[in-house]
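Numbering (my numbering), first residue to last: 1045 to 1238.
The beta carbon of each residue, even a glycine, is placed where N, CA and C say it ideally should be.
Taking it in order: structure first as structure tokens, then the write-up.
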């Protein structure tokens, strides 16, 4: 009797890994810019589309009758709610060599309302990963006089586009998962003739 062994290895796609998010904490004064870098690795043979999104955690208490519950732009994870960051020219993502990516979040001209927890979320059709950072913006009397009470620190005017992008991303992700499951079922049902 002869035993034949076949051995092979494959680089199967995995969820993205967030290698670093720097700085992990930042304390600045109003008017200064905040910059965060998120480094992601998706494998040496990246075959899946990578999505990188930045979110800010809502600090307010949210109840079941809160108007926030009806806000379609929010992302909920556990008991926490997160708002997607939509800064014109504030988010950039650059692919690097061998499956490494770097994403930058830039918040120019910060104010106290920008203080909070920010999330870098990386996802593909195999899963997701995230890390958070904390930004603390302290008030300065000189900068407070420049900002009127009705002026926001950064723009969230692209909310509609973000909603469309998030929904489109989710639909693409679901389609890829369904197609891959159908492909796996189809290949497991094939009978090999001997």
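What do you reckon, are the CB atoms on residue i and residue j nearer than 7 Å?
{"i": "residue 1155", "j": "residue 1074", "result": "yes"}
{"i": "residue 1139", "j": "residue 1091", "result": "no"}
{"i": "residue 1099", "j": "residue 1119", "result": "yes"}
{"i": "residue 1066", "j": "residue 1146", "result": "no"}
{"i": "residue 1062", "j": "residue 1176", "result": "no"}
{"i": "residue 1160", "j": "residue 1103", "result": "yes"}
{"i": "residue 1059", "j": "residue 1171", "result": "yes"}
Can you tell me which of the options puts its alpha carbon nearest to the alpha carbon of residue i?
{"i": "residue 1178", "options": "1166, 1170, 1225 and 1162", "result": "1162"}
{"i": "residue 1148", "options": "1159, 1166 and 1219", "result": "1166"}
{"i": "residue 1180", "options": "1139, 1077 and 1062", "result": "1077"}
{"i": "residue 1132", "options": "1122, 1184 and 1150", "result": "1150"}
{"i": "residue 1169", "options": "1217, 1159, 1097 and 1067", "result": "1217"}
{"i": "residue 1211", "options": "1134, 1095, 1123 and 1142", "result": "1095"}
{"i": "residue 1101", "options": "1117, 1220, 1087 and 1093", "result": "1117"}
{"i": "residue 1072", "options": "1152, 1182 and 1220", "result": "1182"}
{"i": "residue 1070", "options": "1227, 1230, 1171 and 1158", "result": "1158"}
{"i": "residue 1080", "options": "1093, 1142, 1223 and 1064", "result": "1064"}
{"i": "residue 1128", "options": "1220, 1121, 1136 and 1097", "result": "1097"}
{"i": "residue 1086", "options": "1225, 1230 and 1141", "result": "1141"}
{"i": "residue 1184", "options": "1214, 1213 and 1153", "result": "1153"}
{"i": "residue 1093", "options": "1115, 1229, 1121 and 1221", "result": "1221"}
Name the DSSP bridge partner or partners of residue i?
{"i": "residue 1120", "result": "1125"}
{"i": "residue 988", "result": "One cannot answer for residue 988 here, as it falls past the ends of the chain, which runs 1045 to 1238."}
{"i": "residue 1180", "result": "1071"}
{"i": "residue 1064", "result": "1083"}
{"i": "residue 1164", "result": "1098 and 1175"}
{"i": "residue 1150", "result": "1079"}
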